[in-house]
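Residue 10 is where the sequence shown starts when you use the working numbering, and the numbers rise one by one after that. In what follows, a structure is listed as structure tokens, so that the remarks can point back to it.
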Amino acid sequence: MKSWQLVAFGIVLGLLSSALILLVISRPVGEPIQILPAPTPKPIMVDVAGEVLNPGIYTLPADARVADGIAAAGGLLESANTDQINLAAHLADGDKVWVPAVGQTVVNIPDGSVRSSGFLININAASANEIETLPGIGEVKANQIVTYRDEHGLFMSVEDLLNVPGIGSELLETIRPLITLSD
Numbered sequence: 010m011k012s013w014q015l016v017a018f019g020i021v022l023g024l025l026s027s028a029l030i031l032l033v034i035s036r037p038v039g040e041p042i043q044i045l046p047a048p049t050p051k052p053i054m055v056d057v058a059g060e061v062l063n064p065g066i067y068t069l070p071a072d073a074r075v076a077d078g079i080a081a082a083g084g085l086l087e088s089a090n091t092d093q094i095n096l097a098a099h100l101a102d103g104d105k106v107w108v109p110a111v112g113q114t115v116v117n118i119p120d121g122s123v124r125s126s127g128f129l130i131n132i133n134a135a136s137a138n139e140i141e142t143l144p145g146i147g148e149v150k151a152n153q154i155v156t157y158r159d160e161h162g163l164f165m166s167v168e169d170l171l172n173v174p175g176i177g178s179e180l181l182e183t184i185r186p187l188i189t190l191s192d
């Protein structure tokens, strides 16, 4: 090997050695990558009412179904009409599960399950147009509800609707799961 080749080889070897030493002693730049566990879904709260042993609000896992909500409420009463309930429907936070009695009919509730999406109509604050969206309530009955409310004050219970002309117990049971007295 010629002398100039030895010098060039020495220079290259010296540069590589310096680079290796700098790499070993230098501090890492940035932050290390952290692998985080998958987030745990938050539990949901649902209102279970109607023909169940213990109606009320229950906290359930995020993947709960209508059957889980009914089980949390102590199960069905003998008077429950299970033909109108989709027990396999998924629940979401804020849903209301209403189990009708034999002879009661569920109307205009999405996907055939007996649940609402949390959009209940507050009969103490709703306009006649909003009340008119309830099944079995037309323009005349909606106006009668508003007039009764204006003349007699706020409804203290859902049963107070029976005092409004044209509203009977059958209609009341049809709209019961779709209305509320407060926000």
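The C-beta atom is built at its ideal place from N, Cα and C for all residues, glycine as well. Computed from a predicted model, the values in this text were never measured in an experiment.
With DSSP run on the structure shown, which of helix, strand or coil describes residue i?
{"i": "Asp102", "result": "coil"}
{"i": "Ile53", "result": "strand"}
{"i": "Ile176", "result": "coil"}
{"i": "Gly84", "result": "coil"}
{"i": "Ala17", "result": "helix"}
{"i": "Asn131", "result": "strand"}
{"i": "Arg158", "result": "helix"}
Below 6 Å CB to CB, which residues in the same chain sit around residue i once its five sequence neighbours on both sides are set aside?
{"i": "Ala137", "result": "Ala151, Asn152, Val155"}
{"i": "Arg158", "result": "none"}
Confirm, please, whether the CB-CB distance from residue j to residue i is below 9 Å.
{"i": "Ala82", "j": "Tyr67", "result": "yes"}
{"i": "Asp56", "j": "Asp104", "result": "yes"}
{"i": "Leu171", "j": "Gly162", "result": "no"}
{"i": "Pro108", "j": "Val61", "result": "Reading off the sequence shown, one finds Val at residue 108, where the question assumed Pro. In contact: Val108 and Val61 (Cβ atoms closer than 9 Å)."}
{"i": "Ile146", "j": "Leu180", "result": "yes"}
{"i": "Glu139", "j": "Glu148", "result": "no"}
{"i": "Ala110", "j": "Glu182", "result": "yes"}
{"i": "Ile79", "j": "Val106", "result": "yes"}
Between the options, which lies nearest to residue i when the distance is taken from Cα to Cα?
{"i": "Lys51", "options": "Ser35, Leu69, Pro41", "result": "Leu69"}
{"i": "Thr189", "options": "Thr183, Val167, Pro174", "result": "Val167"}
{"i": "Met165", "options": "Ile132, Ile53, Leu96, Pro144", "result": "Ile132"}
{"i": "Asn95", "options": "Pro144, Ser27, Asp77", "result": "Asp77"}
{"i": "Leu143", "options": "Ile184, Val111, Gly84", "result": "Ile184"}
{"i": "Gly84", "options": "Ala71, Ala101, Ala58", "result": "Ala58"}
{"i": "Ala71", "options": "Ala101, Gly65, Ile42", "result": "Ala101"}
In terms of DSSP beta bridges, what is residue i paired with?
{"i": "Ile79", "result": "Per DSSP, none; premise fails for Ile79."}
{"i": "Trp107", "result": "Ala58"}
{"i": "Ala89", "result": "Ala110"}
{"i": "Gly65", "result": "Val57"}
{"i": "Arg185", "result": "DSSP lists no partner for Arg185."}
{"i": "Val36", "result": "It is Arg, not Val, that sits at residue 36 in the sequence shown. Partner(s): none; Arg36 has no beta bridge."}
Would you say the beta carbon of residue i comes nearer than 8 Å to a heavy atom of the ligand FMN?
{"i": "Leu15", "result": "The model depicted lacks the ligand FMN and carries no ligand whatsoever."}
Skipping 5 residues on each side, what residues in its chain have a beta carbon closer than 7 Å to that of residue i?
{"i": "Leu86", "result": "Glu60, Val61, Leu62"}
CB-CB under 8 Å to residue i, same chain, minus the five flanking residues each way: which ones, in chain order?
{"i": "Ile53", "result": "Thr68, Leu69, Pro70, Ala71, Ala73, Leu100, Ala101, Asp102, Gly103, Asp104"}
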